[in-house]
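Numbering (our numbering), first residue to last: 15 to 460.
Below: the structure, in structure tokens.
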């Protein structure tokens, strides 16, 4: 009877530690790593198609990449993604604990291994690291099932003698790991950056502005284009643009290096100002920066833009591709239904409007002027963006002409703050700070 009780206590203790690990990892991941996981899903792709498998198995580590790609589709829901991370870390603990279960420190070592894997996964930019830990844990569990631990009686007795203290230390190790991850500055910086990138892609402008404050932008200029786009989308650009550290026209984000972040930002900029054709072009460019040429986030963006443009056949084609991902099948079916309903209603795209679309160059002012002239979807956000570019360039003649053309019926005292100041106090001008960086001052400032 005593042995049965001892075994029951051991089982309860092991189950308790397992639950603590799963709960701690899930909670921290769903809160501290929320946008990191959401952005991994935006960049990820898993398609149940022959072409996908053919490309996958032509690359190194195909099995790990397959598991990684399959898992990332579930990261679209932060809670589910956090559960997958928690399951992986918990399996690392169980695999290590089972492998050395003849030692009195088996659970403590298991907790240490789980903590290390958790810390590494928290720093990773893709789910490939997680896939390696997951596969390795499964292999170790299989190996441990064939080791004859019953023959190691002396070690088992030693383990039973010290197990209570070791179990307590295992819980402490997991708690310490969670605190270190929560307080890690690099992880927090990555999460903040991914939050702004993700929220920009889903047009959550209020939260973008809540994160990318003028104070943050002054300490990290990479956030400035996102903050200005959020102001632009919410009609506040002319009112608040120079509250942020604007250094040149590049601060608005239309130009920059060819990277995921730059293409993603530019595609949302053109979508916001009413130039869907260029937004689609930038989305395709965005896909070229990825291993498979597209991603879940890109496909959903293309489908949305194509439906808005009336390109229903193309939207259906991309939705059918998205539907080859199990977790995105419901979204794909809804998009196909919407596209078919639009096609039946006769709301097709206007070929003449496409022919008049502007050519995009490296000059934001030229591009915006062409968009306002030729794109029927162009809106007031494009006007405000052009006016800010003209202010930064100090082209007051073009600024006044643009104001008269698009704000002609609005009295001057009702114009946005910095547009009004420009008309009454003159153009912006640049000064150099002590570190040599250039800052554009608002009209009337010195």
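Yeah, the Cβ is synthetic: ideal placement off N, Cα and C, and Gly gets one too.
Evaluate residue i with the Cβ neighbour count: other Cβ atoms within 10 Å of its Cβ, from every protein chain shown; 16 or more gives buried, anything less gives exposed.
i           : result
residue 217 : exposed
residue 439 : exposed
residue 249 : exposed
residue 280 : buried
residue 197 : exposed
residue 340 : exposed
residue 212 : buried
Quick one, which of the options has its alpha-carbon nearest residue i's?
i           : options            : result
residue 55  : 186, 91, 254       : 91
residue 332 : 317, 340, 343      : 317
residue 226 : 319, 258, 97       : 258
residue 253 : 432, 47, 215       : 432
residue 338 : 34, 61, 27         : 61
residue 71  : 305, 119, 326, 183 : 305
residue 352 : 328, 57, 375       : 328
residue 136 : 270, 115, 116, 100 : 100
residue 132 : 181, 191, 116      : 191
residue 58  : 200, 123, 424, 310 : 310
residue 116 : 162, 75, 270       : 162
residue 201 : 430, 45, 380, 68   : 45
From which residue to which residue does the alpha helix (DSSP H) around residue i run?
i           : result
residue 117 : Where residue 117 is concerned, there is no enclosing alpha helix (DSSP H), given that its DSSP letter is neither H nor E.
residue 346 : 343–358
residue 47  : Element bounds for residue 47: n/a, residue is neither H nor E.
residue 322 : 310–323
residue 285 : 274–287
residue 75  : No alpha helix (DSSP H) holds residue 75; DSSP gives it neither H nor E.
residue 158 : 142–158
residue 439 : 431–439
residue 399 : 394–407
residue 290 : 290–302
residue 416 : 410–420
residue 204 : 199–215
residue 238 : 238–247
residue 254 : 251–254
residue 425 : Premise fails: residue 425 is in no alpha helix (DSSP H) and is neither H nor E.
residue 222 : 219–225
residue 379 : 378–388
residue 138 : Premise fails: residue 138 is in no alpha helix (DSSP H) and is neither H nor E.
residue 233 : 228–233
Can you find the residues in the same chain that come closer than 7 Å, C-beta to C-beta, to residue i, ignoring five residues on each side of it along the sequence?
i           : result
residue 295 : none
residue 97  : 40
residue 145 : 78, 81, 82, 85
residue 367 : Its pLDDT being 48, under 50, residue 367 is placed unreliably by the model, and the measurement read from it follows with that caveat. So the qualifying residues of the chain are 390.
residue 312 : 297, 300, 301
Give me, in chain order, the residues of the same chain whose beta-carbon lies closer than 6 Å to that of residue i; leave out the 5 immediate sequence neighbours on both sides.
i           : result
residue 386 : 392, 396
residue 151 : 105, 106, 109
residue 223 : 244
residue 120 : 111, 114
residue 29  : none
residue 276 : 270
residue 124 : 107, 110, 111
Identify, in the order they occur along the chain, each residue of the same chain with its Cβ nearer than 8 Å to the Cβ of residue i, setting aside the five sequence neighbours on each side.
i           : result
residue 32  : 104, 107, 108
residue 354 : 326, 330
Inset, instruction - Say whether the stretch 105–116 touches the stretch 76–87, bearing in mind that this needs 3 or more beta-carbon pairs closer than 8 Å, one atom from each stretch. - result: no
Legend entry - Contact between the stretch 417–435 and the stretch 232–245 (3+ Cβ pairs under 8 Å): no
Inset, instruction - Check whether the stretch 38–52 touches the stretch 198–213, counting contact only when three or more Cβ pairs, one atom from each stretch, lie closer than 8 Å. - result: yes
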